[in-house]
Amino acid sequence: MNSYLKIDHVEKSFHSGASETRVLAEITLAIAKGEYVSIIGHSGCGKSTLLNIVAGLLPATTGGVLLENREVNEPGPDRAVVFQNHSLLPWLTVYDNVRLAVDKVFSGSKRRAERDAWTLHNLDLVQMAHARDKRPAEISGGMKQRVGIARALAMEPKVLLLDEPFGALDALTRAHLQDSVMALQQKLGNTVLMITHDVDEAVFLSDRIVMMTNGPSARIGEVLNVPLPRPRKRLEMASNPVYLKCRQRVLEFLYERHRFVEAA
Amino acid sequence: MNMPLRKTATADVPAAAAAAVADVLRLTPPKPSYLKMRLVPQLTELAARVIPPLVMLTLILTVWQILCMKPGATLPAPSKIWSEAYDLIVDPFFVAGPQDIGLGWRVLTSLQRVAIGYGLAGIIGILLGTIIGQSVWAMRGLDPVFQVLRTISPLAWLPISLAAFRDSQPSAIFVIFITSVWPIIINTAVGIRNIPQDYRNVAAVVRLNHLEFFWKIMIPSAAPYIFTGLRIGIGLSWLAIVAAEMLTGGVGIGFFIWDAWNSSRLSDIVVALVYIGMVGFILDRLVAFIATIVTRGTAAN
Numbered sequence: 000m001n002s003y004l005k006i007d008h009v010e011k012s013f014h015s016g017a018s019e020t021r022v023l024a025e026i027t028l029a030i031a032k033g034e035y036v037s038i039i040g041h042s043g044c045g046k047s048t049l050l051n052i053v054a055g056l057l058p059a060t061t062g063g064v065l066l067e068n069r070e071v072n073e074p075g076p077d078r079a080v081v082f083q084n085h086s087l088l089p090w091l092t093v094y095d096n097v098r099l100a101v102d103k104v105f106s107g108s109k110r111r112a113e114r115d116a117w118t119l120h121n122l123d124l125v126q127m128a129h130a131r132d133k134r135p136a137e138i139s140g141g142m143k144q145r146v147g148i149a150r151a152l153a154m155e156p157k158v159l160l161l162d163e164p165f166g167a168l169d170a171l172t173r174a175h176l177q178d179s180v181m182a183l184q185q186k187l188g189n190t191v192l193m194i195t196h197d198v199d200e201a202v203f204l205s206d207r208i209v210m211m212t213n214g215p216s217a218r219i220g221e222v223l224n225v226p227l228p229r230p231r232k233r234l235e236m237a238s239n240p241v242y243l244k245c246r247q248r249v250l251e252f253l254y255e256r257h258r259f260v261e262a263a
Numbered sequence: 000m001n002m003p004l005r006k007t008a009t010a011d012v013p014a015a016a017a018a019a020v021a022d023v024l025r026l027t028p029p030k031p032s033y034l035k036m037r038l039v040p041q042l043t044e045l046a047a048r049v050i051p052p053l054v055m056l057t058l059i060l061t062v063w064q065i066l067c068m069k070p071g072a073t074l075p076a077p078s079k080i081w082s083e084a085y086d087l088i089v090d091p092f093f094v095a096g097p098q099d100i101g102l103g104w105r106v107l108t109s110l111q112r113v114a115i116g117y118g119l120a121g122i123i124g125i126l127l128g129t130i131i132g133q134s135v136w137a138m139r140g141l142d143p144v145f146q147v148l149r150t151i152s153p154l155a156w157l158p159i160s161l162a163a164f165r166d167s168q169p170s171a172i173f174v175i176f177i178t179s180v181w182p183i184i185i186n187t188a189v190g191i192r193n194i195p196q197d198y199r200n201v202a203a204v205v206r207l208n209h210l211e212f213f214w215k216i217m218i219p220s221a222a223p224y225i226f227t228g229l230r231i232g233i234g235l236s237w238l239a240i241v242a243a244e245m246l247t248g249g250v251g252i253g254f255f256i257w258d259a260w261n262s263s264r265l266s267d268i269v270v271a272l273v274y275i276g277m278v279g280f281i282l283d284r285l286v287a288f289i290a291t292i293v294t295r296g297t298a299a300n
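Residue numbers (numbering that gives the first Met the number 0), protein chains in the order written: chain F, 0 to 263; chain P, 0 to 300.
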């Protein structure tokens, strides 16, 4: 497989004083262009750490991340992140939050009017153009996350990194937003790496699911292909045998072979 | 206020139903006048705010009048102040000679000094606070020094600054500066240290440079803290200018009090105190007002 994004033998240790904790061990993963990959694991297994390393927000202790065969070790708009808690700047309007990223990323390549149009286009993609002049405090959690997605998409990233993007939302909003993200990915062909702890979400959205063992020294336990054709319909999935089988596999991995001991 | 309008709406329904047998009787609601709709509630609101302080003020003045009316009283009664310091009270901006000017002019002179000293304190305080908030080493080195320096009384700085500047004007400004800069530094540093990691991550992904990060993330994010410091600072500088001017002389309101004391014009002193209080109050409110405008987004989160 030709790898677009490659996580190559990444290890991560945290030092506190004399003690050293190895969080991630020997993570190697290749992601093809346009692929939607989810990383699932129990909380504390280091999946967010892995995403932060890919984003360049954390340095890997050993190993590295390659994007189009070039090493990336600092953050940049080519790997835009949608943060779990939206991370919109509360003093800026919805429009200005997206515009900040657009202005910075396209300062050399787009003129003022084009940047304005591009900002509005991306707000339109997530159906948030109507709230362009509102501040984050004035819109709902789901809407904030939509704006966060618009901000990430507006950077035209090579890889879109989603850090539990639906984790803080209620079930109905979450389902609605998952449909939106899937439709957008279908339309724009983004390469996506998503962190999640929701089995249904992982199976529904992904082409491949990477299951991580429990930390410390978490590693990739299993990689599951999800051979479901797209577009996928939520209602049809509930009775689709392939969907159910994939779901079963992930559940078995998480709750039988790698039970989260501390939570039990 | 919409009550009369709503009543006609419900009254119309049975009237329309009965239209086949009877003429529709349109009820025209009495048009609520502007006076009733807007003016009366506003006036009530205003009265509720204005009357209680006025009552208290009258009460205080009355008690004061009674206490100081006796012939041997050491302090002047309000009525005596009114008659003795009449020209100071009614006209703040008269000019009758080089040292005989209205209190408005004196306050403006003092405010000018405060503006320079406080302005410098604001700029330097925010910059130093940013450095201390950003850099662990700067904080470790400077924080203990600042914590000691900030406890020194404004007036204790005066002899040193007089010796250094050899002039009363820059010395007074320096005292203002040195008094008000500490809370600005310390609050800014706390604000910068409390910038959520999320905002830093966003800035890193978008690749803001240092200057953009300072203007677009740091300052807005720390603005509520910075304004807390600025508000404490303006209060302190107004406290300090009066004390400093009493010692340095010149035209300011502080020196006026000292001068009045030396010529036993107690009534003038009382009027000057009222001026100082009012101006201090206005300054505080001014900074608070600017703060609500500037931090409108940040404070809401």
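Heads up, the beta-carbon is just placed ideally off N, CA and C, and yes, glycines get one too.
Computed from a predicted model, the values in this text were never measured in an experiment.
Taking only beta carbons into account, state which residues of the stretch 196-224 of chain P come closer than 8 Å to chain F, listed in chain order.
D197, Y198, N200, V201, A203, V204, V205, R206, L207, E211, K215, I216, P219, S220 and A222
Check F/L250 in the structure and name its three-state DSSP category.
Indexing the first sequence from 1 puts residue 250 of chain F at position 251. The answer is helix: DSSP assigns F/L250 an H, G or I state.
What's the gap between the Cα of P/G128 and the Cα of P/G228?
The count along the second sequence starts at 1 and reaches residue 128 of chain P at position 129. The count along the second sequence starts at 1 and reaches residue 228 of chain P at position 229. Approximately 10 Å, taken between the alpha carbons.
Can you list, in chain order, the residues of its chain whose CB lies under 6 Å from that of F/T265, leaving out five sequence neighbours each side?
In the structure displayed, chain F extends from 0 to 263; residue 265 of chain F sits before or after that span and is not available.
How would you call F/S106, buried or exposed, if buried means at least 16 neighbouring beta carbons within 10 angstroms?
Counting from 1 along the first sequence, the entry for residue 106 of chain F is found at position 107. F/S106 comes out exposed.
Pull up the DSSP beta-bridge partners for F/Y35, would you.
Taking the first sequence and counting its residues from 1, one reaches residue 35 of chain F at position 36. Paired residues: F/V191.
Using a Cβ cut-off of 8 Å, pull out every chain A residue sitting near F/K103, in sequence order please.
In the structure shown, chain A cannot be found, because the protein chains are F and P.
Mind checking which residues open and close the beta strand (DSSP E) that includes F/S18?
Position 19 of the first sequence, counted from the start, is the residue given in the question as residue 18 of chain F. Note, F/S18: beta strand (DSSP E), S18 to I30.
Work out the CA separation of P/T178 and P/R149 for me, nearest whole Å.
Your numbering for residue 149 of chain P matches position 150 in the second sequence. Your numbering for residue 178 of chain P matches position 179 in the second sequence. Distance between the alpha carbons of P/R149 and P/T178 is about 7 Å.
Note down, one range per segment and in chain order, each alpha helix (DSSP H) of at least 4 residues found wholly within the stretch 158-208 of chain F.
170-187 and 198-204
Less than 9 Å between the beta carbons of P/A163 and P/G249, yes or no?
For the purposes of this step, residue 163 of chain P is identified with residue 164 of the second sequence, where counting begins at 1. For the purposes of this step, residue 249 of chain P is identified with residue 250 of the second sequence, where counting begins at 1. No, they are not a contact pair.
Determine, for P/T294, whether the minimum Cβ-Cβ distance to residues of chain F falls below 9 Å.
Translated into the one-based positions of the second sequence, residue 294 of chain P becomes position 295. Yes, contact with chain F.
So what's F/E155 in DSSP terms, helix, strand or just coil?
Against the first sequence, residue 155 of chain F aligns to sequence position 156. Three-state result, F/E155: coil.
Does P/V89 pass the burial test, meaning 16 or more other C-beta atoms within 10 Å, or should it be called exposed?
Here residue 89 of chain P refers to the residue found at position 90 when the second sequence is read from its first residue. P/V89 should be labelled exposed.
Name, please, each residue of chain P whose Cβ falls closer than 8 Å to the Cβ of F/S37.
Numbered from its first residue, the first sequence carries residue 37 of chain F at position 38. Correct list: empty, because the minimum Cβ distance to chain P is about 21 Å.
Between the beta-carbon of P/A239 and the beta-carbon of P/P169, is there less than 9 Å?
Taking the first residue of the second sequence as position 1, residue 239 of chain P is located at position 240. Taking the first residue of the second sequence as position 1, residue 169 of chain P is located at position 170. Cβ atoms of P/A239 and P/P169: not closer than 9 Å.
Which whole runs of the alpha helix (DSSP H) in the stretch 106-166 of chain P are 4 residues long or more, in chain order?
The qualifying runs are 135-148 and 153-164.
Can you find the residues in the same chain that come closer than 8 Å, C-beta to C-beta, to P/I185, ignoring five residues on each side of it along the sequence?
Translated into positions along the second sequence, residue 185 of chain P becomes position 186. If we look at P/I185 and ignore the five residues flanking it on each side, its Cβ neighbours are G128, F145, R149 and G228.
Can you round the beta-carbon distance between F/A128 and F/L122 to whole angstroms, since I take them to be within the 8 Å contact cut?
The residue labelled residue 128 of chain F in the question sits at position 129 within the first sequence. The residue labelled residue 122 of chain F in the question sits at position 123 within the first sequence. Right, the Cβ-Cβ distance comes to about 4 Å (below 8 Å), so this counts as a contact.
For a contact defined as C-beta to C-beta under 8 Å, what are the partners of F/F264 on chain P?
Residue 264 of chain F falls outside the range modelled here, since chain F spans only 0 to 263, and no answer is possible.
Taking DSSP's pairing of strands, which residues face F/M210 in a bridge?
Within the first sequence, residue 210 of chain F is the residue found at index 211, counting from 1. For F/M210, which the question treats as bridged, DSSP gives the partners F/I39 and F/E221.
Kindly indicate which residue of F/R218, F/L250, F/P228 and F/K232 has the alpha-carbon position closest to the one of F/H8.
If you number the first sequence from 1, residue 8 of chain F lands on position 9. Taking only the C-alpha atoms, the option nearest F/H8 is F/R218.
Step through the CB atoms of chain P and report whether any lies within less than 9 Å of the CB of F/L99.
The residue you call residue 99 of chain F lines up with position 100 of the first sequence. Answer yes: the Cβ-Cβ gap between F/L99 and chain P drops below 9 Å somewhere.
Comparing the C-beta of F/L243 with each C-beta of chain P, is any distance below 9 Å?
Start at 1 with the first residue of the first sequence, and residue 243 of chain F comes out as number 244. Chain P, which has no Cβ nearer than 9 Å to the Cβ of F/L243, makes this no.
Have a look at P/L110 and P/M245 and give me their C-alpha separation to the nearest angstrom.
As a working note, residue 110 of chain P is residue 111 in the second sequence. As a working note, residue 245 of chain P is residue 246 in the second sequence. Roughly 15 Å between the two C-alpha positions.
Listed from N- to C-terminal order along the chain, which residues in the stretch 57-88 of chain F have their beta-carbon within a distance smaller than 7 Å of any beta-carbon of chain P?
Under the 7 Å Cβ criterion, the stretch 57-88 of chain F contributes P74, G75, P76, A79, V80, F82, N84, S86 and L88.
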